[in-house]
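Contents: one structure, followed by commentary.
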Amino acid sequence: MPCKNCLQKPVIKLTNSNIQLCKQHFIKYFEKKVLNTISNYKLIEKGDRIGVAISGGKDSLTVLNILNLLKNKTKKFEIEAIAIDEGIKGYRDKTLENAKKFCKDNNIKLHIFSYKDEFGDTLDNFLKKVNMKACSICGPFRRYLLNKKSKELGFNKLATGHNLDDEAQTIIMNYFRRNIETSARLGPLTGIVNDKRFIRRIKPLYFMTQKEAATYAFLKNLSVEFNECPYSNESYRGDVMKMLNNFEAKYPGTKNSIITSFLEILPLLHKHYKNYTPINNCKICNEPCSQEICQTCKIVESFKKVKKD
Amino acid sequence: MVNVFIERENKNVNVKAKTAKQIMKILNINPETVLIVKNNELILAEDLLKDDDELRLLSVISGG
Chain A
1 MPCKNCLQKP VIKLTNSNIQ LCKQHFIKYF EKKVLNTISN YKLIEKGDRI
51 GVAISGGKDS LTVLNILNLL KNKTKKFEIE AIAIDEGIKG YRDKTLENAK
101 KFCKDNNIKL HIFSYKDEFG DTLDNFLKKV NMKACSICGP FRRYLLNKKS
151 KELGFNKLAT GHNLDDEAQT IIMNYFRRNI ETSARLGPLT GIVNDKRFIR
201 RIKPLYFMTQ KEAATYAFLK NLSVEFNECP YSNESYRGDV MKMLNNFEAK
251 YPGTKNSIIT SFLEILPLLH KHYKNYTPIN NCKICNEPCS QEICQTCKIV
301 ESFKKVKKD
Chain B
1001 MVNVFIEREN KNVNVKAKTA KQIMKILNIN PETVLIVKNN ELILAEDLLK
1051 DDDELRLLSV ISGG
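These protein sequence lines map, in sequence, to chains A and B. Quick note on the working numbering: the first sequence kicks off at 1 and runs consecutively. Quick note on the working numbering: the second sequence kicks off at 1001 and runs consecutively.
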């Protein structure tokens, strides 16, 4: 059976439908759906100065590529790229090379910040010293640096490569861990209220599946090397991802239903949690947090203790 | 036999099958997690394969 729109050979069968598309029509479909997400959820406004968080992997370069095309076409907003070097040998060094090359080829300014410069050592080395899971250190550190550095660089929004699979996993993880307040901050545009201390994140790939994003990146030659974090297998997210992929294979449309159901209740979550947890400033670093001391400073302090012991 | 490179495991295996769908079933690989590449082009899981075809199953997972 040929492409739905022409006689060319199809490269993908869209999830949860019998629609098959050729290379040209898939790229058109993908870019149109991403642009619709940007427009329907007002992710970008005139005059925005957007930081695009990139790892050099498929999803983030896909976002950077599409936002760069849109920026060049409309000339209504600015973009610069921001990357975090956690210090994961054999993984991040490779993806950062991809990131640097893409930014150089497309004339996009790239800012790189490392755990080594900001927190004193690489993630690989921290893990040799403390008995903690990689994601428990990496998650807070990465979020902290992206927010802090985005403010310093004058960005008013931060675009990420999160796709439909990532969001469905997070929603389920938050349910399983009784963490609904965290889910209230999810969505294509994150955050419940505007607070200058937090840079709001936008997720242009919100309605694109992992497979669609990988297909686009492959067809656009954005990243061909295998790039899965070596620590991802030990994470809770990894288990939820496997579970949802098994469900999707057996019951197509599962992930999409998780997202659409969630978006139906999101306005109610916003209303409920609007004034729920006050935002403090961390007593050590002055960055915003829900407790007296932020999670990042707590981890850094625990590292200092290990050093002394 | 079809020669299959599984990117996530960085290994090659030979499988007797007529489609990538059959191959993924035999190798216990979830179709949601891979792109199927033949001669550097994406193909569908149901496309018919020939003996001595070379397939690459590329992981769709990015980051972690």
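Note that CB positions come from ideal geometry on N, CA and C, so glycine has one too. Fair warning: this is a prediction, and the values are worked out from it, not measured in the lab.
Here DSSP, grouped into helix, strand and coil, assigns I79(A) to strand.
As computed with DSSP, N1014(B) is found in a beta bridge with N1003(B).
Counting only runs of 3 or more residues that sit fully inside the stretch 12-71 of chain A, the beta strand (DSSP E) segments are 49-53, in chain order. Here A99(A) has I54, G56, A83 as same chain residues with Cβ atoms under 6 Å from its own Cβ, once five neighbours each way along the sequence are excluded. Residues of the stretch 28-62 of chain A with a C-beta atom less than 8 Å from some C-beta of chain B are S55, G57, K58, D59, S60, listed in chain order. Within the same chain, Cβ atoms closer than 6 Å to the Cβ of T254(A) are found at F247, E248, the five residues on either side in sequence being excluded. Against E248(A), the close residues of chain B are E1032, in the order they occur along the chain (beta-carbon pairs closer than 7 Å). Counting only Cβ-Cβ distances below 8 Å, L1035(B) has contacts in chain A at K211, A214, T215, F218, in chain order. Interface flag for K94(A) against chain B is unset, since no Cβ pair is found closer than 9 Å.
Chain-order list of chain A residues neighbouring V1060(B): Q210, K211, A214, by C-beta distance under 7 Å. Only those residues of the stretch 10-23 of chain A whose C-beta falls short of 9 Å from the nearest C-beta of chain B are listed: P10, V11, I12, K13, T15, Q20, K23. The three-state secondary structure of S257(A), taken from DSSP, is helix.
Note on G90(A): under 16 other CB atoms within 10 angstroms of its CB, so exposed under the neighbour-count rule. By the C-beta density criterion, E1046(B) is exposed, having fewer than 16 other C-beta atoms within 10 angstroms.
Straight-line measurement puts the Cα of G47(A) at about 11 Å from the Cα of T74(A).
Judged by DSSP secondary structure, R1008(B) falls outside any beta strand (DSSP E); it is assigned neither H nor E. The residues K203, in chain order, have a CB closer than 6 Å to that of H162(A) in the same chain once the five nearest residues on each side in sequence are set aside. A1020(B) is not a Cβ neighbour of I1006(B), given a cutoff of 9 Å.
An exposed status is given to K129(A), since fewer than 16 other beta-carbon atoms sit within 10 Å of its beta-carbon. Counting other Cβ atoms within 10 Å of its Cβ, F176(A) stays below 16 and is therefore classed as exposed.
For the stretch 1037-1052 of chain B, the set of residues with a beta-carbon nearer than 7 Å to any beta-carbon of chain A comprises L1042, L1044, in chain order.
Every candidate beta strand (DSSP E) stretch fails here, since none sits fully inside the stretch 175-201 of chain A while reaching 3 residues. When 8 Å is used as the limit between beta carbons, N245(A) is near these residues of chain B: N1030, E1032, T1033, in chain order.
Boundaries of the beta strand (DSSP E) around K1038(B): 1034-1038. Non-local C-beta neighbours of S290(A) in its own chain, meaning closer than 6 Å and more than five positions away in sequence, comprise T277, ordered along the chain. Classified as buried, P10(A) has 16 or more neighbouring CB atoms from the shown chains inside 10 Å of its CB.
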